[in-house]
Each structure stands twice: as C-alpha cells, then as structure tokens.
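There are 2 protein chains.
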Amino acid sequence: MAKRTGQPTINDVARLSGVSKKTVSRVINRSPLLNEATREKVEAVIAELAYVPNPQARALALRRNFLLGMIYDNPNAQMVLNFQEGVLDAIGGSEFALVVRPVDRHSPDLFDDIRAFIEQQRLYGVMILPPLSENDALAALFTELGCNYVRMGSATLDDDAHLVQSNDRQAVRDAVEHLIAQGHRQIGLVQGPEGFRSASEREAGWRDAMTAAGLPTGPEMLARGNYTFETGRDAGEQLLGGAQKFTAIFASNDVMAAGVLHAARSRGLTVPQDLSIVGFDDTAIAATIWPPLTTVRWPIRDMARSAAMKLIHPEAAADEKSLFLTEFVPRASVASV
Amino acid sequence: MAKRTGQPTINDVARLSGVSKKTVSRVINRSPLLNEATREKVEAVIAELAYVPNPQARALALRRNFLLGMIYDNPNAQMVLNFQEGVLDAIGGSEFALVVRPVDRHSPDLFDDIRAFIEQQRLYGVMILPPLSENDALAALFTELGCNYVRMGSATLDDDAHLVQSNDRQAVRDAVEHLIAQGHRQIGLVQGPEGFRSASEREAGWRDAMTAAGLPTGPEMLARGNYTFETGRDAGEQLLGGAQKFTAIFASNDVMAAGVLHAARSRGLTVPQDLSIVGFDDTAIAATIWPPLTTVRWPIRDMARSAAMKLIHPEAAADEKSLFLTEFVPRASVASV
DNA sequence: TTGTAAGCGTTATCAC
DNA sequence: GTGATAACGCTTACAA
C-alpha cells in the first residue's frame, strides 16, 4: 500500500532495506555507531531508489533550515554576481541553498521588508552587502530577530564572526602613492556618497598618501559622486573645469572613473597623456573602456566564500578569514608625468 | 507549559484565541467559510503575537514549497541582476523566495549538478536564463524531474506556459535597417557563438535587412565571437583588417561591440566618423563606453516578472505574457555616411 | 548497534 | 462553521 506519489521517502528506504527509519536516518547523517554491513545495505537501497532526504522535513525536525540569504542594494552588478558565485563555492555540494533579496535602501519600508523577509523565510543566516552592511541598526535588527548574519564591508564594522572586510584605506593609499611615484603632484579625488563607510575609507587612504607626501588636499582637490556613472562624470567636470589643475584623478569606484574619463574626453583631454585616472573595484567595465582602467581589485569571491562559511559553521566563524587584501591592477589609464 | 523557544506557533495562536489550530489555519489560508467574528478574534491574536506561519512546516504539509529557482551561466551580470529584480517584483509580498544557482555550462557535470540541485531543494519551479535556456535536453530533464520551469530566450523555444521570449530577429532587422537608412551599405556582422539561438536569431535579423536592401552578406561580411570582449575585439580585427571595407558593424551583444570599438581605435579609426557600431543588450557598458553605444534594449525585468508569474500560477501560465518587444536605443556610436 | 515512540508546525479528512 | 485526528518526512529522546 505504498502510495507512490513522487519521490521516495525514508520509509521506502527503511522498508526495502529491512531496517527502521531511524537507522536510515543514521546512515544519512553519518552516525559513527553503525554496523558497516547495515550501512552498506542501506546505502545500496538509497542509491537504487535515488532517494534524497526532503529538506523541508529535515528543516522542520531540526528546527533550522538550510537557506542562506543575501541582501543587497548595489549599483555594481558584477560585484553582486561575483559574491553569489563565491557563496556557491562554499555551499556547492552541500544541502544549503542561496536565497537572494534585492532591496531598495531608499525605501521607507526597508526595515519592514527585511524583517518580513527574515521572519517569513526563517533563514539560517544572511549576508549583507555594502552599502547596506554599513548600517548598524540593520545589524541590530538581525540580532533582535535571532538571525545570524555576516556583513561585508570596507572597514571593521563588526567582530570577526560577523564580518568580512577589505582594507580599502590602505589599498587607496597604495594606489595614490603609485601615482605620486609616477611624478604626479596634483591628484584629485572623486569621493563616494556621504554616509558610506567605503567612501570615507577610500577618502582617508587618499588623504594618507597625499599628506605623507606633503601634497594639497584642500576642498578644491575633490568632488563628490554617488558611485554612478553620471555623478562621476559631473564630478569630473567640476574638477577639470575649475581653476585647479590636475594631472591625475582617483575615483572611488570604476563606474565613476569611467565618468571622469568621459568628462576628460569631452574637454579634449587625452587619457593618460593629459590626465591619469585610477578607479576602484576592477569590475568588467575597467578592462572594457578605453584606455583600460588602472584600478584596485578586491577578492569578492573569496570574501563571499568566507562569509558563507562563517554562517554555515557559526562555532568556527571567528576563525574563518575576515580580512582580505586588495590587489593593485595597473593598466593603461596611468602615465608618468 | 508552553515551551517558548523562538517564534510563536499555530498552537499558541489557537490557545490564546480559544479555537482549534484548524480554525487558525483557516484564517491563515483565507477560507471563505468562517465566522467573521472568529476571524477577527484570531487575527487580533496573530497580530499581537506577531505570528508568522513556518514555511518549512507548510511546505511539508502541502507537499510543495515556496522556492523559485533561477539557473544561469551568463557573462552579462547586469542582465542576471535585472532578472533577479524582476522576479522580486513578482514575488514581493508573497511567501515565495528566490533561490539562485550559477552554474558552469561547460562543466561535464552540468546536468548532474542541476539534477542534484532540483532533487535536493524540491523547488516549486525554476527559471532558466540564456544560453542554458536554449538547451532542450535540459528542459527535458526538468520535465523528467517533475519540476515546472520557464525558459527565457530569443526565439520560440517552447510553448507559452514555459517561455518568455524577446523578438531578437526583428529587433536586429530594425537596427540594421536604421543603419541602412543612414546611408550605410557595407555593414559587417559580429556573430554570437555557434549553437546559441540568440546568435542565430540576431544573424537572421541582419540577413533579413541586408537581403531586403540588396546588400552583400557573404562570408567576408561577418566574423564570429562568443559574447566576450576579447572575441569581439578579435572579430573586429578580422573584419577591419581584411580586404572588405566597412562603414558600420553590428555586434551581437554590447560587450563584443566594445571589443570592436577597441579594434577600430587601435587601427586609428574614429567612431562614429570612420565606423558606426551597434550593439545589443543595453547593458551598463553601453552607456559607459565612449562614444556611448547605440544598442537594443530588451525588457528583462518585465520578462522576469512574467516568468515568475507563470511559475506561481501554473494554471494561468499560458495566459501570462510571453512575447516581449525590444526597444532601439540610439546613442552616439552611429553616424550617417 | 538498533528500534520505538513522540514531536517538529502545518494542512487534509471527516466528522459534529 | 468548527474541531478531533491523522498525516507530511524527518530527528531526537529513550529503550532494548
């Protein structure tokens, strides 16, 4: 009287292999105290039936599921996708799955939306991408909801168990020092948006390098954008159209660097002969625009893998790598003076 | 003796509102045969407790879950992300969630991976993005696994219940006719990779326009790429370095168009004065390179929303919109001859 | 080493 | 209209 509706269950396996469901369960969960012969017998039946445990039933019995969430609101598609791939590196072959949740960080319902999402799906844990990750109130919300989380960011936003971070400040400092070593003295900055930790960290890196070299960092040396192409172009116009002369500009991300490139070109400047440009992110755009953009690459995929591991193994979360180093990527958008 | 571990359950609601759990269940599921007073009483308790039904328990009892899958292997990050957002448009506010699965279509384990993914997660349905969506054997696999699916593609790959499609052929024909109207006569084609339906559809559109205008479509007029920047550049080199002269080139996607642009520039050609270029996709790259790329935009987000709706409401899947029209986006990479 | 019974939180069946 | 009761597929006591 087996009602063969769809997939085989643990009962089918138990019946066919002549053991109890509990024994099958032990085989599935690799319990150490199991007769080898029994195990092999059961495994043979499992293979024959192509039995796969029902994750919903497991989730119910274990009072936890196998869903990792990823919350983002990001203008940088490549970064988000790289992150997704990194998470898959970590959960591939396991029973975990990745649930994504794009949100609008400017929505007044942001917190309510996220709360509903977490309460409804009862995720095992969530990963939060910048710039949302920089919001401490959001992290507090996850704690309140009893949902484990890992933040990805450009600074030490949280403790090691809840963070994967890059060293943006040092990375930008290195990049600007590279420009200085090439003879540049008037190096402009296109800042990221106000309130973004990544933006302030990158600005700090620029200041570090400039100040250490005794170069000017006054207000005429910088302009603000918000990580979009248009604002990068506008910031470029602002800098290049003022009284201050520039031989190089560091833009706080690649997209804005592309905007600066447009601004330069529309003013008749040639890059890199008349103006050197450096970006940040090493997104697809960097290698695709002309000239190819000198930039800074951060190991997003590795960071994502690590973030997922922290969630999957909370007991070892603090031991999992948290700080990830960036890599300077020299291309053709920089020339020496 | 309520063991208050975490979230409230249906039992808590039943006890506090003095009804059976079945009645609570009826309230949750909006059963029509319910005393209005009872409903209000229960709803008050639900609100007070902030009770949210456990999706894993529901999934177990209903023998179906509320997870929509999305399988992709795509070089185009923006498209994938737009699609994710479109799916969210459809499932936002509902109990459904989106599970993503990037895969490597060149992996020998592709089918096994996907099979394991489907069997393990028991998804409610999956959406397949191009180019994977063009693989009929894969669609057959989903049918075999009893998993509903919707394919996204550039041609009529399946019936309306399992497809959202764009009209690439007509779109390219329109774009090439635009070039012809601008006085172009030698219009090259950078094809997409062999075996891709989108590639053959776009090629057909180019042939349609050229043939209708009595223009040449011989082998010297085209070169093949595989949708990457490098292959686009190589194809551009091949076309521009041959005996045949070109005043315009249509590349089968934006990234390859960017490659052609590089190739043109490295040969000392100015775009669009010496060479007009048209792409396809309207990805971020299109607006970001210089000059901004004339291209074709397809309404990915709308397609994604429709795909998700087809899965959520299988009974009405064939009525949900299936064919989506593209939009020609004129920018600065085209000049008249 | 293995089995039995109870329970995870929900819905379906079928009475009342 | 509403409520016992038995599923759903699995795991954790607790025995044996």
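Read top to bottom, the protein sequences are chains A and B.
Just so you know, the first sequence maps onto residues 1 to 337 in this note's numbering.
Just so you know, the second sequence maps onto residues 1001 to 1337 in this note's numbering.
Cβ coordinates follow ideal geometry from the N, Cα and C atoms, glycine included.
Do you know offhand how far residue i's Cα is from residue j's?
i	j	result
residue 39(A)	residue 1025(B)	41 Å
residue 1035(B)	residue 1042(B)	11 Å
residue 1174(B)	residue 1303(B)	21 Å
residue 1151(B)	residue 88(A)	22 Å
residue 79(A)	residue 1230(B)	21 Å
residue 1285(B)	residue 1225(B)	18 Å
residue 1124(B)	residue 293(A)	43 Å
residue 1269(B)	residue 1190(B)	18 Å
residue 322(A)	residue 256(A)	28 Å
residue 1167(B)	residue 134(A)	42 Å
residue 313(A)	residue 28(A)	19 Å
residue 1059(B)	residue 112(A)	24 Å
residue 1207(B)	residue 1197(B)	15 Å
residue 1258(B)	residue 67(A)	38 Å
residue 1(A)	residue 7(A)	Its pLDDT being 33, under 50, residue 1(A) is placed unreliably in this model, and the value from its coordinates should be taken loosely. When rounded, the distance between both Cα atoms is 16 Å.
residue 336(A)	residue 1276(B)	33 Å
residue 83(A)	residue 23(A)	39 Å
residue 1003(B)	residue 57(A)	Its pLDDT being 41, under 50, residue 1003(B) is placed unreliably in this model, and the value from its coordinates should be taken loosely. Cα to Cα, residue 1003(B) sits roughly 21 Å from residue 57(A).
residue 1212(B)	residue 1328(B)	20 Å
residue 154(A)	residue 114(A)	22 Å
residue 310(A)	residue 1037(B)	48 Å
residue 1046(B)	residue 1013(B)	6 Å
residue 90(A)	residue 1180(B)	51 Å
residue 1227(B)	residue 110(A)	37 Å
residue 98(A)	residue 92(A)	10 Å
Identify the contact partners of residue i in chain A, using a Cβ-Cβ distance below 7 Å as the criterion.
i	result
residue 1258(B)	288
residue 1146(B)	6
residue 1262(B)	290
When the distance is taken between beta carbons, is residue j closer than 8 Å to residue i?
i	j	result
residue 1247(B)	residue 1296(B)	no
residue 278(A)	residue 232(A)	no
residue 283(A)	residue 74(A)	no
residue 317(A)	residue 161(A)	yes
residue 1265(B)	residue 1240(B)	no
residue 131(A)	residue 1085(B)	no
residue 169(A)	residue 201(A)	yes
residue 1221(B)	residue 1238(B)	no
residue 1172(B)	residue 1250(B)	yes
residue 1176(B)	residue 1147(B)	no
residue 290(A)	residue 1290(B)	yes
residue 187(A)	residue 129(A)	no
residue 52(A)	residue 1119(B)	yes
Would you mind sorting residue i into buried or exposed? The rule is 16 or more other CB atoms within 10 Å of its CB.
i	result
residue 100(A)	buried
residue 389(A)	Lying before the first or after the last residue shown, residue 389(A) is absent from chain A, which here runs from 1 to 337.
residue 1235(B)	buried
residue 252(A)	buried
residue 106(A)	exposed
residue 184(A)	buried
residue 1164(B)	buried
residue 11(A)	exposed
residue 281(A)	buried
residue 1214(B)	exposed
residue 271(A)	buried
residue 1121(B)	buried
residue 254(A)	buried
residue 33(A)	exposed
residue 1094(B)	exposed
residue 81(A)	buried
residue 307(A)	buried
residue 986(B)	This structure does not reach residue 986(B), given that chain B is present from 1001 up to 1337, and the question cannot be answered.
Taking DSSP's pairing of strands, which residues face residue i in a bridge?
i	result
residue 294(A)	278(A)
residue 1251(B)	1190(B)
residue 266(A)	Per DSSP, none; premise fails for residue 266(A).
residue 1223(B)	1190(B)
residue 1077(B)	Paired residue(s): none; residue 1077(B) is not in a bridge.
residue 1121(B)	Answer is none; residue 1121(B) lacks a bridge partner.
residue 148(A)	125(A)
Using a C-beta to C-beta distance shorter than 7 Å, which residues of chain B count as neighbours of residue i?
i	result
residue 102(A)	1084, 1085, 1088
residue 97(A)	1099, 1121
Using a Cβ cut-off of 9 Å, pull out every chain B residue sitting near residue i, in sequence order please.
i	result
residue 131(A)	Neighbours of residue 131(A) on chain B: none; closest Cβ ~16 Å, over 9 Å.
residue 301(A)	Neighbours of residue 301(A) on chain B: none; closest Cβ ~11 Å, over 9 Å.
Can you list the residues of chain B that residue i reaches, using a CB-CB cut of under 8 Å?
i	result
residue 265(A)	1290
residue 255(A)	1284, 1288
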